[in-house]
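Peer 1: Under the working numbering, the first residue of the sequence shown carries the number 3, and numbering increases by one thereafter. Every residue, glycine too, gets a C-beta built ideally from N, C-alpha and C.
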Amino acid sequence: ATVRLPGMSIETRGDKASVRIGGFHIDADDSDGTARVSASGREGDVSINAQDDAAEIRAAASGEATRVSWMLTDNRASESGWRLVGYEARGPVGGPLVVATVRSRDRNRERAFEDARDLVALNAGE
């Protein structure tokens, strides 16, 4: 099935679906358990690649300064026991670049990444 309206498109074929709304895109495939989500706008870009119980999330703010987040999360622990790893980086054009790394054996990413963002903002500024 296909639906097309100004600024919006939805297409489905069997186990696959594709949704486009403005700068927001979702591509999903139930046959292999994958989903890709991307969005871009004046504030920056976000992408999410998910498969089964794992996801990779990237976010980058627009502008000359650096402001980037990256997260890899999985319901299954790695050999080292980590379920979530990532970083938050921020800095002005001329430097310095402040980076906080995050590792967690628990998938509760909200608290860990909020603390990392606060720490980076404290050292690099908003």
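Compare the C-alpha of Y89 against each of D47, V70, D31 and name the closest.
Peer 2: Within the sequence shown, residue 89 is the residue found at index 87, counting from 1. Residue V70 is the option with its Cα nearest to Y89.
Peer 1: Only counting runs of 4 or more residues, tell me where the alpha helix (DSSP H) segments fall wholly within the region 79-128, in order along the chain.
Peer 2: Correct list: 111-126.
Peer 1: Measuring only the C-alpha atoms, how far is A61 from D17?
Peer 2: Locating residue 61 in the sequence shown gives position 59, counting from the first residue. Locating residue 17 in the sequence shown gives position 15, counting from the first residue. Going by the C-alpha atoms only, they are around 28 angstroms apart.
Peer 1: Under the three-state reduction of DSSP, which class applies to R15: helix, strand or coil?
Peer 2: Translated into the one-based positions of the sequence shown, residue 15 becomes position 13. Reduced to three states, the DSSP call for R15 is strand.
Peer 1: Once DSSP output is grouped into helix, strand and coil, what is the label at S49?
Peer 2: If you number the sequence shown from 1, residue 49 lands on position 47. Note: S49 maps to strand in three-state DSSP.
Peer 1: Measuring alpha carbon to alpha carbon, tell me which of S33, A52, E66, L124 ends up nearest P94.
Peer 2: Sequence index remark: in the sequence shown, residue 94 carries index 92 (1-based). Of the listed residues, the one whose Cα sits closest to P94 is E66.
Peer 1: Smallest Cα separation from D31: which of S82, N77, R15?
Peer 2: For the purposes of this step, residue 31 is taken as the residue at position 29 of the sequence shown. Cα-wise, what sits closest to D31 is R15.
Peer 1: Please state whether the Cβ-Cβ distance between S64 and E45 is less than 8 angstroms.
Peer 2: Start at 1 with the first residue of the sequence shown, and residue 64 comes out as number 62. Start at 1 with the first residue of the sequence shown, and residue 45 comes out as number 43. Yes, the pair counts as a contact, with Cβ atoms nearer than the cut-off.
Peer 1: Consult DSSP for E58 and reduce its assignment to one of helix, strand or coil.
Peer 2: The count along the sequence shown starts at 1 and reaches residue 58 at position 56. It is a strand residue.
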